[in-house]
Amino acid sequence: MVTEALALVGLEGLEDRAAPQLSGGQQERLALARALVRKPKLLLLDEPLSNLDAKLRQRMRVELRELQRRLRITTIYVTHDQAEALFLSHRVAVMQNGRIVQEGRPRDLYASPASGFVADFVGDATFLPGEVIAGGVQALGGSVRCALSEALAPGAKALLVVRPERVFVRGAPVGAPNEFAGTLRVAAFLGDHLDCVVDVAGTELRARAHPTAELRRDQRVWVELPPEHCLAIPDDGWRPRAFARTFDEDDT
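The numbering of the sequence shown is the working numbering, which starts it at 15 and goes up by one.
This is the structure:
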């Protein structure tokens, strides 16, 4: 039984080693093997990867996912890491102040969050307060066409949710819907993309651009927010710590 459990987590041949003699990843596998020995019908994993470095965490995520699928054990996985929640789960329950505020498939939570808190937990986003108008929201110094939550009616206060990876940055306008002129404030190279911050009508808007894009600080640019990727939800007063801010003269 013990040998079988160790083999399941890739620790065969290490039966005689004490836990302190194992690496961080091996110790996590050992803890999992100890739980699997009992052949549970329900497995609870509480932040099992929190003490591992980033690359080892990524590798262990893959191993946990494949192991869970192979054993078909119902697993409750507790985490504050959005990547772990989306990668490992068939269904995600997001909790706020000890209460479940939304539950569903990872794709559904990402595309249709019920609140700003949920949108912020399941991925990066820019949050823009505005007022609902016909077919969109008044924001960024103009009207933004977007999908509207069923709870919103014209005149209501709304929070516009825009994912950075859905915002396109260009050096010239193309006449697309939801196209706004702005000034590039940040274009940080992160390997597979440029992480950009654009000042649009005095408001900070995050975007991502191709890593080879010719962009420079203080350049005049145009951002496109495709309407199908913009979502307006009721503004319940919640704000993330890094909320979209307006620029002062000192910032530029």
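Just so it is clear, CB atoms sit at the ideal spot from N, CA and C, and this is done for glycine as well. This one's a predicted model, so the numbers in the text were calculated from it and none came from an experiment.
Query: With 16 other Cβ atoms within 10 Å as the buried cut-off, status of Val-181; Result: buried
Query: Beta-carbon spacing of Cys-244, Ala-165 below 8 Å; Result: no
Query: For Ser-157, the residue or residues it bridges with in DSSP; Result: Gln-152
Query: Buried/exposed call for Pro-191, threshold 16 Cβ in 10 Å; Result: exposed
Query: In DSSP terms, what Arg-220 is bridged to; Result: Val-211
Query: Those runs of the alpha helix (DSSP H) which lie wholly inside the segment 120 to 194 and span at least 4 residues; Result: 120 to 125 and 130 to 135
Query: 8 Å CB neighbourhood of Val-136 in its chain, flanking five on each side removed; Result: Gln-96, Ala-99, Leu-100, Val-106, Val-108, Pro-120, Leu-123, Tyr-124 and Pro-127
Query: Continuous beta strand (DSSP E) stretch holding Thr-88: start and end; Result: 88 to 92
Query: Separation of Ser-103 from Gly-156, as counted between CA atoms; Result: 39 Å
Query: Residue-chain proximity (Arg-73, chain B), Cβ-Cβ < 8 Å; Result: Protein chain content of the structure displayed is limited to a single chain, and chain B is not contained in it.
Query: Residues of its chain near Asp-250, where Cβ-Cβ distance is below 6 Å and the 5 sequence neighbours each way are ignored; Result: none
Query: Nearest residue (CA-CA) to Arg-84, options Ala-246, Val-176, Leu-50 and His-207; Result: Leu-50
Query: Which of helix, strand or coil DSSP assigns to Ala-197; Result: Reading off the sequence shown, one finds Thr at residue 197, where the question assumed Ala. The answer is strand: DSSP assigns Thr-197 an E or B state.
Query: Ser-163 versus Phe-194: straight-line alpha-carbon distance, rounded; Result: 23 Å
Query: Counted within 10 angstroms of its Cβ, other Cβ atoms place Thr-129 as buried (16 or more) or exposed; Result: At residue 129 the sequence reads Ser, which differs from the Thr that was named. Buried: at least 16 other Cβ atoms inside 10 Å.
Query: Per DSSP, the bridge partner or partners of Leu-74; Result: Per the sequence shown, residue 74 should be read as Met rather than Leu. Paired residue(s): none; Met-74 is not in a bridge.
Query: DSSP three-state assignment for Gln-110, whether helix, strand or coil; Result: strand
Query: Local conformation of Pro-248 per DSSP, three classes; Result: strand
Query: Exposure of Ala-167, with buried meaning 16 or more beta-carbon neighbours within 10 Å; Result: exposed
Query: Ala-223 vs Leu-208 beta-carbon contact at 8 Å; Result: yes
Query: Residue range of the beta strand (DSSP E) that includes Leu-44; Result: Note, Leu-44: premise wrong, no beta strand (DSSP E); alpha helix (DSSP H) at 38 to 50.
Query: Distance cut-off 7 Å: Met-109 Cβ against heavy atoms of the ligand PLP; Result: Judged by which ligands are present, the structure shown has none, so any question about the ligand PLP falls away.
Query: Rounded straight-line distance, which links the Cα of Ala-133 to that of Gln-116; Result: 10 Å
Query: Supposed close pair Arg-234, Thr-197 - CB separation, criterion 8 Å; Result: 6 Å
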